[in-house]
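A.B. asks: Using the UniProt record's numbering, read the sequence shown as starting at 1 and increasing by one per residue. Just so it is clear, CB atoms sit at the ideal spot from N, CA and C, and this is done for glycine as well. Model, not experiment: these values are computed from the prediction.
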Amino acid sequence: MASRILRSVVTAHSLRSTLTLTSKPRVLAIASTVAWRQPVVCTSVRFYAKKSKDNKKKSGGTESKATSASDSEEPDLQFSEKQIEDRFEQSISQLKEHLSSMRIGRANPSLLDNVRVRIESSHFSLKDLAQVTIRDPQTLMVTVHDADYAAAVEKSIREAGLNLNPIVDSKGIKVPIPKPSRESRDKMAKLVSTTGEQTKTKIRSIRQDGMKQLKHDSKHESADKIKKLEKVVQNLTDKSNKTIDELLKAKIKEVQS
Numbered sequence: 001m002a003s004r005i006l007r008s009v010v011t012a013h014s015l016r017s018t019l020t021l022t023s024k025p026r027v028l029a030i031a032s033t034v035a036w037r038q039p040v041v042c043t044s045v046r047f048y049a050k051k052s053k054d055n056k057k058k059s060g061g062t063e064s065k066a067t068s069a070s071d072s073e074e075p076d077l078q079f080s081e082k083q084i085e086d087r088f089e090q091s092i093s094q095l096k097e098h099l100s101s102m103r104i105g106r107a108n109p110s111l112l113d114n115v116r117v118r119i120e121s122s123h124f125s126l127k128d129l130a131q132v133t134i135r136d137p138q139t140l141m142v143t144v145h146d147a148d149y150a151a152a153v154e155k156s157i158r159e160a161g162l163n164l165n166p167i168v169d170s171k172g173i174k175v176p177i178p179k180p181s182r183e184s185r186d187k188m189a190k191l192v193s194t195t196g197e198q199t200k201t202k203i204r205s206i207r208q209d210g211m212k213q214l215k216h217d218s219k220h221e222s223a224d225k226i227k228k229l230e231k232v233v234q235n236l237t238d239k240s241n242k243t244i245d246e247l248l249k250a251k252i253k254e255v256q257s
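#1: So, with DSSP's three-state summary, where would you put I124?
#2: Among D146, P178, S156 and L129, which one has its Cα closest to the Cα of R103?
#3: With 16 other CB atoms within 10 Å as the buried threshold, where does P166 fall?
#4: In this structure, how does DSSP classify I134 when only helix, strand and coil are distinguished?
#5: Does the Cβ of G210 have 16 or more other Cβ atoms within 10 Å, making it buried, or fewer, making it exposed?
#6: Would you call the CB atoms of L129 and V153 closer than 8 Å?
#7: Residues in the same chain with beta-carbon distance under 8 Å from N163, minus the five sequence neighbours each way, listed in chain order, please.
#8: Which residue spans inside the UniProt region "Disordered" (175 to 199) form an unbroken alpha helix (DSSP H) run of at least 4?
#9: Between which two residues does the alpha helix (DSSP H) harbouring I92 extend?
#10: With DSSP as the reference, label L112 as helix, strand or coil.
#11: For a cutoff of 8 Å on Cβ pairs, would you count S93 as touching chain E?
#12: Run through DSSP, which three-state label would R118 get?
#13: Would you give the residue range spanned by the beta strand (DSSP E) that L140 belongs to?
#14: Need the endpoints of the alpha helix (DSSP H) that D238 sits in, please.
#15: Less than 8 Å between the CB atoms is what I'm expecting for K251 and L111, so what's the real figure, rounded?
#16: Tell me the DSSP secondary structure of residue 313 in three-state form.
This is the structure we're talking about:
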């Protein structure tokens with residue numbers, strides 16, 4: 001009985017040893033196979049360069065300058081209300097000056113402004129050779145700078161078509177202004193009207209320039225603003241023409257009375 005038990009123990013021990021020796025390599029082999037078949041995952045890390053603050057500032061500054069330049073760029077506008085108004089006023093001022101020099105029956109130095117004096121083969125303006133002043137309400141006095149030219153000056157005044165009869169004396173050339181006849185008054189009134197029409201032609205030209213400039217500016221301005229400025233130009237035109245008519249009416253009344 002004891003011997004049977006001993007054999008069983010020995011047999012069990014031998015079997016356990018055998019199983020241990022044979023199972024380990026199999027387990028290792030299985031583990032190796034699993035390890036070999038397991039996919040290898042490679043993880044790569046991508047590094048990005050950090051933008052420096054200086055570059056950011058520089059880039060931002062460039063963009064800011066570009067934006068600023070774009071914002072500050074102004075449209076090519078041609079119309080100026082101030083300039084167009086000044087041109088209208090200048091035309092009216094010139095007319096007033098011209099009308100003030102047109103005096104009939106009264107001594108006025110501007111009466112001789114257009115007289116040309118011939119000396120030998122050349123022609124000179126009377127203002128270049130002499131000084132014209134008012135001696136009295138009915139007489140002009142012409143003082144020639146060089147006495148040698150006095151005869152030529154006297155002849156030029158007489159032949160200027162102004163119905164004047166100059167008289168040479170020791171002090172210079174005296175020019176009596178004759179009392180105006182009805183015919184001379186009518187001629188002066190006609191001259192006044194012609195001068196006024198010439199000024200109105202200037203006014204129309206200024207208006208056309210203003211409208212042409214506004215047409216160009218309509219590419220950059222709103223329709224409402226262009227329409228408003230066109231109305232300004234038209235109002236200035238109407239105002240100027242009204243002033244011209246008033247000046248002409250007063251001057252014609254003066255020369256005919």
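C.D. replies: Taking the definition as stated:
#1: As a position in the sequence shown, residue 124 is number 124, starting the count at 1. Residue identity differs from the one stated: residue 124 is Phe in this sequence, not Ile. In the three-state scheme derived from DSSP, where H, G and I count as helix and E and B as strand, F124 is classed as strand.
#2: On the sequence shown, position 103 is the one that residue 103 refers to. Distances from the CA of R103 to each of D146, P178, S156 and L129 were compared; the closest alpha carbon is that of P178.
#3: As a first step, residue 166 is located in the sequence shown; it is residue number 166 there, counting from the start. Burial is judged here by how many other beta carbons sit within 10 angstroms of a residue's own beta carbon; P166 has at least 16 and is buried.
#4: By 1-based counting over the sequence shown, the position of residue 134 is 134. When DSSP states are grouped into helix, strand and coil, I134 belongs to the strand group.
#5: Along the sequence shown, read from residue 1 onward, the residue named residue 210 stands at position 210. With 16 or more Cβ atoms within 10 Å of its Cβ, G210 is classed as buried.
#6: Here residue 129 refers to the residue found at position 129 when the sequence shown is read from its first residue. Here residue 153 refers to the residue found at position 153 when the sequence shown is read from its first residue. Against a cut-off of 8 Å, the Cβ pair of V153 and L129 comes out as a contact.
#7: As a working note, residue 163 is residue 163 in the sequence shown. Counting only residues of its own chain and dropping the five nearest sequence neighbours on each side, N163 has a CB closer than 8 Å to the CB of P178 and S184.
#8: Within the UniProt region "Disordered" (175 to 199), no complete alpha helix (DSSP H) run reaches 4 residues.
#9: Indexing the sequence shown from 1 puts residue 92 at position 92. From DSSP, the alpha helix (DSSP H) with I92 extends over E81 to S100.
#10: Your numbering for residue 112 matches position 112 in the sequence shown. Helix.
#11: Absence of chain E from the displayed structure is noted, only one protein chain being present.
#12: Position 118 of the sequence shown, counted from the start, is the residue given in the question as residue 118. The answer is strand: DSSP assigns R118 an E or B state.
#13: In the sequence shown, the residue the question calls residue 140 occupies position 140. Where L140 is concerned, the enclosing beta strand (DSSP E) stretches over T139 to V144.
#14: Against the sequence shown, residue 238 aligns to sequence position 238. That run of the alpha helix (DSSP H) goes A223 to Q256.
#15: To locate residue 251, count along the sequence shown from 1; it is residue 251. To locate residue 111, count along the sequence shown from 1; it is residue 111. About 16 Å; that fails the 8 Å criterion.
#16: For the chain, the structure presents residues 1 to 257; residue 313 sits outside this window and is missing.
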